[in-house]
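Heads up, the thing below is written out as structure tokens.
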Amino acid sequence: MPSKAKTGKKLVIVESPAKSKTIAKYLGEGFIVEASIGHIRDLPQPSELPAELKKTSVGKFAVDIDNDFKPYYVVSADKKKKVTELKAALKDADELYLATDGDREGEAIAWHLLEVLKPKVPVYRMTFGEITKEAIQRAMGNLRDVDQDLVDAQETRRVLDRLYGYEISPVLWRKVARGLSAGRVQSVVTRMVVDRERERMAFKAASYWDLTGQFGADSGSFRAKLAAVDGAKVASGRDFNDNGELTAKNVAHLNEELATSLAAGLQDADFRVRSVDTKPYTRRPAAPFTTSTLQQEAGRKLRFSSKSTMQVAQRLYENGYITYMRTDSSALSDEAITAARRQASELYGPEYVPQSPRVYSNKAANAQEAHEAIRPAGDSFRTPAQVAKQLSGDEFRLYELIWKRTVASQMGDAKGSTATIRLGAVATDGRDAEFSASGTVITFPGFLAAYEEGKDETRGDDDSDEARRLPNVAKDDSLTASDIQAVGHETSPPPRFTEASLTAELEKKGIGRPSTYASTISTIQDRGYVRKQGSALVPSWIAFSVIRLLEQHFSDYVDYEFTADMEGDLDKIANGQEAGASWLRHFYFGEDSEPGLLSIVNNLGEIDAREINSIPITDDITLRVGKFGPYLESSAAVVDPKTGEIVESARANVPEDLAPDELTAAKAIELMETAAPEERVLGADPHTGHTVVAKNGRYGAYVTEIIPEMTDEDLAKQPVEYYKNGKPKPAKKPVKAKPRTGSLFKSMTVDSVTLDEALQLMSLPRALGEDAEGNLITVQNGRFGPYLKKGTDSRSIGSEEEIFTITLEQALEIYSQPKQRGARAAVPPLAEFGPDPVSEKNIVVKEGRFGPYITDGITNITVPRATSLEELTREQAVELLAEKRAKGPVKRTATRKAPAKKKATAKK
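Last residue of the sequence shown: number 2236 in my numbering, and the count goes up by one each step with no gaps.
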């Protein structure tokens, strides 16, 4: 067979279209750059497997658990066209370059492309940490084969996550609620948020007092704080434990009375300087960004969510502005160090650059990626001013943050001095009081001229030295005192995690990979396990139930050390030190005395769902996690204050916005005492005899009728049906009649609604009559208020009370007017972002039936649950609309009617 004629074309495949456009600029003639648009194949759902595989060892997970856990991959339905296009491009190429990202996932994408395309031309693996001309040229000189160890590690991770989720999630469905999910990292991260809330719930505040005063000398005045009384250090917040107990020894614990009397006794006291201590101050710059530290700092300084940070960073990387954004390394290349030092010298002066380059090492528990730190791309950096016009707002802000951090990392230390003045006097009651004041003076800013790292919220007293200059005083100098006040404090509970502090904690514990932190934190919010309250992450009550079940029955799988050790094992596979198949076999089937996941799931025993979903609040009140949300239940019989009846197992709903640590015993009692009755009998319908009741439901108060169950006598009176052979058919269970219901008007309550009103509500919709064409017009109440309906034409009316008073003539008058969409309630948008670059229509955020959504009047997209309105930016809104447009309209499956059978034509 003759060999294929050479075309001179070289096919390069990357993941994204943006990356393909950028890289194409730097490749020479003959190179064709195509994008796979991410993964081209993955594990299917077991229900999508071919019938012949469903009853085999592949059927449960789409993984062959009896044959080295071999995955069964399929090309994704939405990627079949793309694969066809890539195969066509490959036919005309003499060489194939797989230029996907250089991490495990990128290596796996390259391997999948190799497996699916089956090229018959030379194949080269090409990786680069930045998309610049220099980096592409270096990559072309360092081509290699696909790294099978990295592929094995990524495959093992994918299979592991499938085993974990598919075995444990069904347990949650049975015992907590349908639709829940468990994940190897997701569940552990949820546990961290729940554990922090448990600490806050158990926390008991302690009270302590101290004094502050203003002190003056000839050279100036300053404020100082009480440090010691009679030689004993004054107790501060860090001297108490979370039970409110004083744990420090030999400290003076002042209460309000002692502090107030001491302040009074010092009003005319003779204050003198007792000591002046000056120490040199030195502060080093922070290391260049890793994935984790970038997410933390962007959260602190730019208020970006982890997900937003990674989305913006991805765009910057793909368009050639920064290096690869998924990395554990804080090291810089020689070229980058030279560029940073040169730029620092040019912008701030040569004295700001140390003689020797700074070298940084990784501090993360499981740092392993071989990439460079995140920095501006290129062998010389572009300043923020040079790229400002080319970047969107969020892109510019993140680029500026990365640029500042990188340049600052190669600058000199900040230097100065810290002075501490101790001063004191004896009060009128004989107590000796010593005050202290500290201040730091920066004499050489060093790296601070370019950048200063942010900080997360911490507990205890803020004793950090203020950047202030204290007056020049000496020992024994006399001082004038004024404004001496007693100040009360309370210890604070552990602060809730923010996305930034949670990311830092995950990295510290070595849980998961920094490249997946953003998606994991987003997932636990999308699943309803965690919500944002400001920037704080608050767990839901259902998260408490899930974590309790996992702790009791799958303790290893939510253990922090166990999860970190798994990451270490996956790193060994990536380094070729262990085989993925044998590791998975041990994890799933166990070995010797160590049970595997399969054994644990098969021997769970009886799980008490009620106990798992119950959290005691007081001796008598328990929080239950129910099908329709959390509620309180009292085990003590209570007397209804309105009816005088004794109510067993009284219940009360828990407000959705009430954080778990805010549900104190006092709050629970208040909710029980103010709870509206769940059900109130209004009387009997005079026409049917059915009892009518008013209830509080999940979606508000409503009235309904109670249709009694059929008695045995009623069932016996049902007509008997017979088979053709004359034998009677088994009695059919009668279809249960659907009770009439009606939502209460806003002006009504369960306590106030009457039987007559209830009967009126249950009679809706109310028929008003027909128009000239014979179309029936009705009036009814809906979720968005009262409205008229004629066929498919609906019109809003003014108030709920009009439902029972509006006449046919009034309705016809309304229908005679042109329909005005949105005229009924001119509700202002929740946010506005200006014109969309594609449609040129104004982008706004509106409140919709399923939550806030972004629209330009043509395309609508729901605001992601993980993104608060305060965080949403114009760039994100534009991007979300663009993604929705790219997907096209949702294809709805039409219900096909069977064709009518043709009547047989009689033969002539």
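No residue lacks a Cβ here, since even glycine has one placed at the ideal position from N, Cα and C.
If you draw a straight line from the Cα of D1899 to the Cα of A1481, it is about 7 Å long. Going by beta carbons, P2180 and L2208 fall outside the 8 Å limit. With a threshold of 16 other beta carbon atoms within 10 Å, H2015 falls short and is exposed. DSSP, read as helix, strand or coil, puts N1930 in helix.
Boundaries of the beta strand (DSSP E) around K1743: 1742-1754.
Pairing A1421 with K1337 gives a Cβ-Cβ distance under 8 Å. Sixteen is the threshold: since fewer than 16 other Cβ atoms of the shown chains lie within 10 Å of the Cβ of W1501, the residue is exposed. Here N1470 is exposed: its Cβ has fewer than 16 other Cβ atoms, across all protein chains shown, within 10 Å. Straight-line spacing of the CA atoms in A1346 and R1669 works out to 31 Å. Excluding residues up to 5 positions away in sequence, H2018, K2064, A2065, P2067 lie with their Cβ nearer than 8 Å to the Cβ of I2035 in the same chain. As for any beta strand (DSSP E) of minimum length 3 sitting wholly inside the region 1830-1886, the runs are 1858-1861, 1864-1867, ordered along the chain. Residue pairing from DSSP places V2021 in a beta bridge opposite V2009, T2032. Under the 10 Å beta carbon count, K1407 is surrounded by 16 or more other beta carbons and is classified as buried. Per DSSP, reduced to three states, the secondary structure at D2184 is coil, with no helix or strand assignment. For Y1727, the enclosing alpha helix (DSSP H) starts and ends at 1721-1736.
Annotated as proximal: I2186 and K2169, with beta-carbon spacing under 8 Å. For H1817, the enclosing beta strand (DSSP E) starts and ends at 1806-1818. The region 1344-1424 contains, as complete alpha helix (DSSP H) runs of 4+ residues, the segments 1345-1352, 1408-1419 (chain order). Going by C-alpha positions, E2203 is about 49 Å away from G1918. Assignment of L1339 by DSSP, reduced to helix, strand and coil, places it in the strand class.
Within the model, the alpha-carbon separation for V1449 versus T1335 is close to 12 Å. Contact check between the region 1703-1716 and the region 1632-1639: fewer than three CB pairs, one atom from each, fall below 8 Å, which does not count as touching. Going by beta carbons, M1739 and A1701 fall outside the 8 Å limit. CA-CA distance, G2028 to W1537, rounds to 48 Å. Below 8 Å, too few C-beta pairs join the region 1849-1860 and the region 1905-1924 to call them touching: fewer than three. Under the Cβ criterion (8 Å, minimum of three pairs), the region 1609-1621 does not count as touching the region 1430-1448. Take the alpha-carbon of E1343 and the one of R1472: they are about 18 Å apart.
In this structure, the beta-carbon distance from P1988 to W1869 falls below 8 Å. Taking C-beta atoms under 8 Å as the contact rule, I1650 and A1705 qualify, at a distance of about 6 Å.
Contact check for D1757 and G1593: beta-carbon distance about 5 Å, within the 8 Å limit, so the pair qualifies. Runs of the alpha helix (DSSP H) lying entirely within the region 1499-1534, each at least 4 residues long, are 1514-1530 in chain order.
Look at S2124 here: in three-state DSSP terms it is strand. Within the region 1420-1465, the complete beta strand (DSSP E) segments of 3 residues or longer fall at 1423-1426, 1451-1453, listed in chain order. Here D1989 carries a helix assignment [DSSP, helix/strand/coil]. Taking T2069 as the centre and dropping the five residues before and after it, the same chain places the C-beta of Y2030, T2032 closer than 6 Å to its C-beta, in chain order.
In the DSSP assignment, G2110 is bridged to G2113.
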